[in-house]
Amino acid sequence: MTYDVIQIGPAEVDHAFLLIEPVSSHLGLTAWRDFCSQLDRRASNAPHLEQVWIAVNPLGRTQGLALSKLGDDPAYGRTLDVPIFVVASAADESGVSGALIVKLGRVAEERECRSIRFWTVGRDSWSRCMQASDYQRWNHGVRMMLS
């Protein structure tokens with residue numbers, strides 16, 4: 002199956018909340034909507050800020066979500082951090098995750114990143130990704146080096 006990976010828009014926000022909710026114990030739907038509306042307003046002006054990518058199947062259903070943020074790592078240089086990466090497909094987990102990873106790779110290359118760091122996902126992922134200090138940590142997640 003093929004998936005379109007796009008930036009989240011107003012029409013997808015509520016559906017995507019079902020994917021973000023398990024990794025955001027303190028995030029409500031209203032706060033999620035507010036966060037996503039800020040992304041829409043600043044996406045063209047500041048591509049280094051947070052971006053939310055969703056993988057949509059041919060039927061229009063959101064099957065995966067990745068939150069990314071451009072940063073600089075003291076050891077690895079420019080890095081695309083991915084604090085939240087969620088797949089919601091029992092039938093095609095590898096297809097959904099593969100489509101998201103390909104898109105994130107393209108974004109990282111456009112931003113001249115040397116690596117992508119996928120954070121370890123847990124119930125507190127949302128609160129961790131809102132803390133600037135967690136982006137400076139080196140000891141969490143898996144790093145994918147880019148050529």
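Under the numbering used here, the first residue of the sequence shown is numbered 2, with each subsequent residue one higher. Think of the CB as a built atom: it goes at the ideal place given N, C-alpha and C, for glycine as much as any other residue.
query                                                                                                                                                                     : result
Beta-carbon separation of Tyr4 and Ala67 under 7 Å?                                                                                                                       : no
How should Arg107 be labelled, buried or exposed, when 16 other C-beta atoms within 10 angstroms of its C-beta is the threshold for buried?                               : exposed
Round the Cβ separation of Phe86 and Phe119 to the nearest angstrom and send it over; I've been treating them as touching at under 8 Å.                                   : 6 Å
At a threshold of 6 Å, does Cys37 count as lining the ligand GDP (C-beta to nearest heavy atom)?                                                                          : You won't find the ligand GDP in this model; it holds no ligand whatsoever.
So, at 7 Å on beta carbons, what are the nonlocal neighbours of Gly142 in its own chain, with the 5 sequence-adjacent residues on each side left out?                     : Arg118, Phe119, Trp120, Thr121
When you compare each of Arg115, Leu40, Met145 to Ile9 by their alpha carbons, which one comes out closest?                                                               : Leu40
Terminal residues of the continuous beta strand (DSSP E) containing Ala67?                                                                                                : 63-74
Under three-state DSSP, which class holds Trp54?                                                                                                                          : strand
Going by the beta-carbon positions, is the gap between Tyr77 and Arg115 smaller than 7 Å?                                                                                 : yes
Do Gly65 and Val97 have their C-beta atoms closer together than 7 Å?                                                                                                      : yes
Would you please state the rounded distance, in angstroms, between the beta carbons of Val6 and Ala100? I believe it to be under 8 Å.                                     : 5 Å
Within the same chain, show all residues whose beta-carbon is closer than 8 Å to that of Gln52, passing over the 5 residues directly before and after it, in chain order. : Gln8, Leu40, Ala44, Leu68, Ser69, Lys70, Val108
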